[in-house]
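Reviewing the structure listed below.
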Amino acid sequence: MIKKFFSRGYIFLVLAFIYAPIFLLVIYSFTDSTVVGVWSGFSLDLYKRLLTDGEITPVIINTLVLALLASVLSTILGTLGAIGLHYSRGGFGKVVKGASRVSIINAEIVTAISLALIFSLILGTSRSYFSVLIGHMVLCTPFVVLSVTPKLEQMDSSLYEAALDLGATPRKALFKVVLPEILPGIFSGFLLSITLSLDDYVVTAFTKPATFETISTKVYNSLAKGGANSSLPVFRALTTVIFVVAIIVVIIMNIKRKKKKEK
Amino acid sequence: MTKGKVISKTVYKDDKPVKNRKWIFSRKQLCIPYGLFLFMFVIFPLLLIVFYAFTDETGKISFYNFIDFFTNPTSITNLFMSIGLAGITTVCCLLIGYPVAYILSKMKQRVAGVIVMLFVLPMWINFVLRAMAMKELLTLIGMFGKNNFLNTVIGMVYDYLPFMIMPLYTTLIKRDRSLEEAAADLGSNRRQVFTKVIFPLSLPGVLSGINMVFLPTMSCYVVSDTFGNGKVTIIGKLIEEQFGVAANWNYGSALALIMLVIMFVTMLLTGGFKPQENMRGANL
Chain A
0 MIKKFFSRGY
10 IFLVLAFIYA
20 PIFLLVIYSF
30 TDSTVVGVWS
40 GFSLDLYKRL
50 LTDGEITPVI
60 INTLVLALLA
70 SVLSTILGTL
80 GAIGLHYSRG
90 GFGKVVKGAS
100 RVSIINAEIV
110 TAISLALIFS
120 LILGTSRSYF
130 SVLIGHMVLC
140 TPFVVLSVTP
150 KLEQMDSSLY
160 EAALDLGATP
170 RKALFKVVLP
180 EILPGIFSGF
190 LLSITLSLDD
200 YVVTAFTKPA
210 TFETISTKVY
220 NSLAKGGANS
230 SLPVFRALTT
240 VIFVVAIIVV
250 IIMNIKRKKK
260 KEK
Chain B
0 MTKGKVISKT
10 VYKDDKPVKN
20 RKWIFSRKQL
30 CIPYGLFLFM
40 FVIFPLLLIV
50 FYAFTDETGK
60 ISFYNFIDFF
70 TNPTSITNLF
80 MSIGLAGITT
90 VCCLLIGYPV
100 AYILSKMKQR
110 VAGVIVMLFV
120 LPMWINFVLR
130 AMAMKELLTL
140 IGMFGKNNFL
150 NTVIGMVYDY
160 LPFMIMPLYT
170 TLIKRDRSLE
180 EAAADLGSNR
190 RQVFTKVIFP
200 LSLPGVLSGI
210 NMVFLPTMSC
220 YVVSDTFGNG
230 KVTIIGKLIE
240 EQFGVAANWN
250 YGSALALIML
260 VIMFVTMLLT
270 GGFKPQENMR
280 GANL
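For the protein sequence lines, the chains are A and B, in the order given. For the first sequence, counting from 1, position 3 maps to 2 in numbering that gives the first Met the number 0; every step adds exactly one. For the second sequence, counting from 1, position 123 maps to 122 in numbering that gives the first Met the number 0; every step adds exactly one.
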């Protein structure tokens with residue numbers, strides 16, 4: 000009994016360590032004070048600024064659009080790649096598999112500077128939306144491959160052949176037989192891509208054009224400038240919104256999983 | 000025979016195989032775009048780094064960048080600072096995370112599932128925002144700016160702890176529990192059951208957790224910048240400076256190569272890297 004009490008208490012302590020900073024920001028998102036710790040009355044001003052501030056709103060939209068675009072492209076490229084790799088036995092497939100692993104293991108800063116090098120060769124000094132999009136695809140695509148591959152391995156390999164025997168063209172067999180089988184893997188790869196893209200700072204910083212900012216780069220720059228920067232308080236509201244969205248997404252995912260289990 | 004239906008590459012004519020030269024759709028070819036993409040934006044850029052590292056500004060082959068690094072006391076200090084910081088962070092994460100994973104593995108699965116979710120949930124918040132949150136808390140309680148190294152460790156542990164807990168938890172719940180009963184039946188006490196049975200069984204998770212925390216903390220300069228108050232410089236920061244303010248790509252590339260070597264050695268020592276576990280719980 001005492002043991003149980005201690006172990007529960009320990010888990011609670013670690014959770015408190017993880018959640019205390021977040022809750023602190025959540026609480027102080029409801030006041031417009033510039034400093035955390037000073038309560039200057041209840042206000043939804045920071046939330047209003049999230050939607051209307053000319054410096055913040057475009058950054059949020061940039062981040063979301065980039066994450067969505069990079070994830071869709073990565074999911075397509077990665078799903079095709081995973082299918083191709085699953086069926087290839089030759090040297091080319093092995094090389095691609097190796098390269099895919101390299102890209103996952105590689106330190107983010109090295110990925111970032113290597114991309115900066117190649118883009119300076121292709122585009123000269125001017126970076127563009129293209130380069131930051133490619134950068135995010137480099138981050139996400141290998142993880143899509145990683146999520147799709149196990150589903151391909153679990154799939155009954157005779158399904159595809161059966162479809163061919165029954166008169167389907169290879170393309171049709173791929174779309175009507177293989178794709179539905181691996182759909183959960185594709186979906187989790189897509190979700191993972193979104194989180195990776197939203198979370199990235201380093202690759203974005205090295206591949207973005209000067210005028211383009213995402214949440215990561217904007218917060219980092221504001222932090223570097225110190226507390227005097229006027230956008231810092233708005234990020235308290237932003238953190239709260241992201242936190243609430245995350246809770247909702249996780250709850251929905253759980254309900255779906257439970258329904259699946261019951262089936 | 001329609002074009003698309005040919006699966007094997009060889010076509011038989013008069014019972015002798017004839018090379019079929021027509022282009023045939025096959026599933027293998029679907030990985031060609033991905034292969035080209037990886038070559039263009041992963042392999043070729045890495046080769047560029049190697050090229051830059053071993054040349055000087057004029058493009059001539061030179062080892063000067065490496066000599067410069069290993070003879071400069073500041074850069075050596077920063078290298079050891081990075082390794083030390085990463086090492087301490089990893090040990091802290093392991094010491095905090097192992098009991099968490101172990102306790103969770105003993106709980107009822109439904110309860111444990113919810114708590115695991117609570118550990119994963121904050122990872123959905125942008126990590127720079129999470130760093131900012133911890134910095135605000137440290138500032139509020141008056142710790143910020145006092146011990147910059149300790150604060151950086153706190154910041155790193157805060158950002159990377161879930162990456163340690165997840166692989167530990169997944170290996171611990173999969174362990175064969177009958178082995179513990181057998182050990183107890185054969186006269187082991189609780190401590191022996193843990194050190195001789197449970198811990199060795201969880202070793203793959205420990206190694207994978209070490210990889211998940213040690214490798215990124217060595218280069219994650221966002222956290223060291225946020226918490227170090229300008230006093231903690233790690234190798235990732237050095238690389239960033241060479242590609243930013245200092246604009247010395249050759250030296251920066253050499254630094255990146257040195258870091259890759261350290262990473263490679265770490266991976267050899269810990270027996271590889273399981274990318275499946277770097278999934279932020281999306282596969283839960």
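Heads up, the beta-carbon is just placed ideally off N, CA and C, and yes, glycines get one too.
Candidates A:K2, A:V248, A:V25: which alpha carbon is nearest B:M133's?
Mapped onto the second sequence, residue 133 of chain B falls at position 134. For the set A:K2, A:V248, A:V25, the Cα lying nearest the Cα of B:M133 is the one of A:V25.
Whose C-beta lies closer than 7 Å to the C-beta of A:A66 among residues of the same chain, with five residues either side of it excluded?
If you number the first sequence from 1, residue 66 of chain A lands on position 67. So the qualifying residues of the chain are I193, S196, L197.
Can you list the residues of chain A that B:V99 reaches, using a CB-CB cut of under 7 Å?
Counting from one through the second sequence, the residue named residue 99 of chain B turns up at place 100. Think of a sphere of 7 Å around the beta carbon of B:V99: the chain A residues whose beta carbon falls inside it are I10, V13, in chain order.
Taking A:T148 as the reference, which of A:L138, A:G80, A:I121 has the closest Cα?
Counting from 1 along the first sequence, the entry for residue 148 of chain A is found at position 149. Comparing Cα positions, the closest option is A:G80.
Could you tell me which uninterrupted alpha helix (DSSP H) segments, each at least 4 residues in length, are contained entirely in the stretch 130-186 of chain B, listed from first to last along the chain?
List check, alpha helix (DSSP H) in window: 147-173, 177-184.
How far does the alpha helix (DSSP H) with B:G83 in it reach, from first residue to last?
Along the second sequence, read from residue 1 onward, the residue named residue 83 of chain B stands at position 84. Annotation: the continuous alpha helix (DSSP H) that includes B:G83 extends over 72-105.
So the candidates are B:L29, B:L93, B:G112; which of them puts its Cα closest to the Cα of A:K257?
Working through the first sequence from its first residue, we reach residue 257 of chain A at position 258. Looking at B:L29, B:L93, B:G112, the one whose alpha-carbon comes closest to that of A:K257 is B:G112.
Using 10 angstroms around the beta-carbon of A:G89, count the other beta-carbons present and answer buried if the total reaches 16, otherwise exposed.
Along the first sequence, read from residue 1 onward, the residue named residue 89 of chain A stands at position 90. Under this definition A:G89 is an exposed residue.
For B:I284, three-class secondary structure by DSSP:
Since the first residue of chain B shown is 0 and the last is 283, residue 284 of chain B is not available in this structure.
Buried or exposed: B:R26, going by 16 or more other Cβ atoms within 10 Å of its Cβ?
Here the question's residue 26 of chain B lines up with position 27 in the second sequence. Burial check for B:R26: the Cβ neighbour count within 10 Å reaches 16 or more, so the residue is buried.
Quick one: does B:N125 have its CB under 8 Å from some CB of chain A?
Translated into positions along the second sequence, residue 125 of chain B becomes position 126. Answer yes: the Cβ-Cβ gap between B:N125 and chain A drops below 8 Å somewhere.
For A:Y18, three-class secondary structure by DSSP
Taking the first sequence and counting its residues from 1, one reaches residue 18 of chain A at position 19. Helix at A:Y18.
Based on DSSP bridge pairs, tell me the residues matched to B:I321.
Any answer about residue 321 of chain B is impossible in this case: the structure gives chain B only from 0 up to 283.
Burial state of B:K230, where buried means 16 or more other Cβ atoms lie within 10 Å:
By one-based count along the second sequence, residue 230 of chain B stands at place 231. Residue burial is scored here from C-beta neighbours: B:K230 has fewer than 16 other C-beta atoms within 10 angstroms and is therefore classed as exposed.
Which of the three DSSP states is assigned to A:T30 in this structure?
Sequence index remark: in the first sequence, residue 30 of chain A carries index 31 (1-based). Note: A:T30 maps to strand in three-state DSSP.
If you measure beta-carbon to beta-carbon, which residues of the stretch 99-115 of chain A are closer than 9 Å to chain B?
For the stretch 99-115 of chain A, the beta-carbon criterion of a distance under 9 Å to any beta-carbon of chain B is satisfied by S99, R100, V101, S102, I103, I104, N105, A106, E107, I108, V109, T110, A111, I112, S113, L114, A115.
From the DSSP output, in three-state form, read off A:F41 for me.
Residue 41 of chain A sits at position 42 when you count from the first residue of the first sequence. Strand, per DSSP.
Chain B within 8 Å of A:V233, Cβ atoms only
The count along the first sequence starts at 1 and reaches residue 233 of chain A at position 234. Not an interface residue.
Cβ-Cβ distance between A:L45 and A:R235 below 8 Å:
Translated into positions along the first sequence, residue 45 of chain A becomes position 46. Translated into positions along the first sequence, residue 235 of chain A becomes position 236. A distance below 8 Å separates the beta carbons of A:L45 and A:R235.
Does the beta-carbon of A:P57 have 16 or more other beta-carbons within 10 angstroms, so that it is buried, or is it exposed?
Stepping through the first sequence from its first residue, residue 57 of chain A is reached at position 58. With fewer than 16 neighbouring CB atoms inside 10 Å of its own CB, A:P57 falls in the exposed class.
What is the DSSP secondary structure of A:K171, reduced to helix, strand or coil?
The residue given as residue 171 of chain A occupies position 172 in the first sequence. In this structure, A:K171 counts as helix in the three-state DSSP scheme.
DSSP three-state call for B:V244: helix, strand or coil?
Position 245 of the second sequence holds residue 244 of chain B. Correct three-state label for B:V244: coil.
Using a Cβ-Cβ cutoff of less than 7 Å, which residues in the same chain neighbour B:F148 once the five nearest sequence positions on both sides are dropped?
Indexing the second sequence from 1 puts residue 148 of chain B at position 149. Counting only Cβ-Cβ distances below 7 Å, and skipping sequence neighbours, we find V231.
Are B:L120 and A:A245 closer than 8 Å when you measure CB to CB?
The residue labelled residue 120 of chain B in the question sits at position 121 within the second sequence. The residue labelled residue 245 of chain A in the question sits at position 246 within the first sequence. Yes. Within cutoff.
To the nearest angstrom, how far is the alpha carbon of B:C219 from that of A:L237?
Here residue 219 of chain B is taken as the residue at index 220 of the second sequence, counted from 1. Here residue 237 of chain A is taken as the residue at index 238 of the first sequence, counted from 1. Between the alpha carbons of B:C219 and A:L237 lies a gap of roughly 23 Å.
I need the DSSP call for B:P203, collapsed to helix, strand or coil.
Translated into the one-based positions of the second sequence, residue 203 of chain B becomes position 204. Correct three-state label for B:P203: helix.
Three-state secondary structure (DSSP) at A:R126?
By 1-based counting over the first sequence, the position of residue 126 of chain A is 127. The answer is coil: DSSP assigns A:R126 none of H, G, I, E or B.
Could you check whether the Cβ of B:M211 sits closer than 8 Å to any Cβ belonging to chain A?
Position 212 of the second sequence, counted from the start, is the residue given in the question as residue 211 of chain B. No, B:M211 lies away from the interface with chain A (no Cβ there is under 8 Å from its Cβ).
Pick from B:P98, B:I153, B:L254: whose alpha carbon is nearest that of B:F198?
Along the second sequence, read from residue 1 onward, the residue named residue 198 of chain B stands at position 199. It is B:P98 whose Cα lies nearest to the Cα of B:F198.
At the 8 Å Cβ level, is B:A132 part of the contact set with chain A, yes or no?
The count along the second sequence starts at 1 and reaches residue 132 of chain B at position 133. So yes, B:A132 belongs to the interface.
Does the CB of A:I181 have a neighbour CB from chain B at under 8 Å?
Residue 181 of chain A sits at position 182 when you count from the first residue of the first sequence. Cβ-Cβ to chain B under 8 Å: no for A:I181.
In chain order, what residues of the same chain lie with their CB nearer than 7 Å to the CB of B:G270, ignoring the 5 residues before and after it?
Residue numbering aside, residue 270 of chain B sits at position 271 when the second sequence is read from its first letter. L206.
Residue range of the unbroken alpha helix (DSSP H) whose run includes A:M252
Stepping through the first sequence from its first residue, residue 252 of chain A is reached at position 253. 231-261 is the extent of the alpha helix (DSSP H) around A:M252.
Quick one: list the residues of chain A neighbouring B:D224, beta-carbon separation under 9 Å, in chain order.
Here the question's residue 224 of chain B lines up with position 225 in the second sequence. For B:D224, the residues of chain A that pass the 9 Å Cβ criterion are Y219, L222, A223, in the order they occur in the chain.
At 9 Å on the CB atoms, spell out the chain A contacts of B:S218, in chain order.
Against the second sequence, residue 218 of chain B aligns to sequence position 219. What B:S218 touches in chain A: A106, E107, I108, V109, V201.
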